[in-house]
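Note that numbering that gives the first Met the number 0 numbers the sequence shown so that position 152 is 151, with each residue one more than the last. Presented below is the structure to which this report refers.
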Amino acid sequence: MTQPLPLSARQVRAMHDRLLAHAGWPQADPLADIAGATPDLWRWVQNNHRNNCLLWAEEDLARRTTVADAEIAANKRNIDRFNQARNDATERVDELLLLALGLVDETSARSAAPLSRVPVGARLNSETAGSIIDRLSIVSLKLKAMREQTQRQDVDQVHRDTSQAKLARLEEQRTDLGACLDTLLAETAAGKAFFKVYRQFKMYNDPQLNPQLVKERQQP
């Protein structure tokens, strides 16, 4: 029997847009209420989106050229922090989706090597559903920023027209990504496909693995 789908691309897009329109976002943390949805799953979808928004703002700040180097260094450290949190949230989304779809052993879902429950004959999808949701979040930010470019009054019409063309392309990308997410979830629910959680093992953020951080600790 086909498993019920835990979420849809339409719901994800609606959450992303609703949060971006929220006056206090991303400093405020208003959980978008979706009837019938799993609260933990949507909390982590929101968490991923929040960290993408914070990361986006820091990336802009890090490109400034008229501030002290210390400010840029602080931006770079924030970028590292938000990027790690964004990836952690993506993995949590994948864990909860796999649990909802019955595709991972529950006791191992949070471990470094989750045990998959793979239907016979199912194909492995290289991209996880969580990573598609993460990409949808980033595209929603691009859409918001590009839409603002089409409305600027301090630029010429050529700039606005060019931005409008880019906006249309981004809309197409979001539609395509959403279709890929829905297809992947439908195929996993039907036992035709599956995906896995692969831990990030981001060495540069790990004081035990980053060779420069190891070297710093070893200095007298």
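Quick reminder that beta carbons are idealized off the backbone N, C-alpha and C, glycines included.
Listed as beta-bridge partners of Ser7 by DSSP are no residues whatsoever. Counting along the chain, Asp39 sits inside the alpha helix (DSSP H) bounded by residues Pro38 to Ala61.
In the structure shown, Phe81 falls within a helical segment according to DSSP collapsed to helix, strand and coil. Each residue's CA atom was taken as its position, placing Lys214 and Met202 some 14 angstroms apart. Excluding five sequence positions before and after Asp181, the CB atoms of its chain that fall closer than 7 angstroms to its own CB belong to Ser7 and Ala8, given in chain order. Annotation: the continuous alpha helix (DSSP H) that includes Glu171 extends over Gln156 to Ala188. The Cβ atoms of Phe81 and Leu53 sit closer than 7 angstroms to each other. In the pairwise beta carbon analysis, the region 60 to 75 is classified as not touching the region 12 to 23: fewer than three pairs are separated by under 8 angstroms. The three-state secondary structure of Leu208, taken from DSSP, is coil.
Apart from the 5 residues on each side of it in sequence, Gln156 has no Cβ closer than 7 angstroms to any other Cβ in its chain.
With respect to Ala84, Asn50 sits close: the two C-beta atoms are nearer than 7 angstroms.
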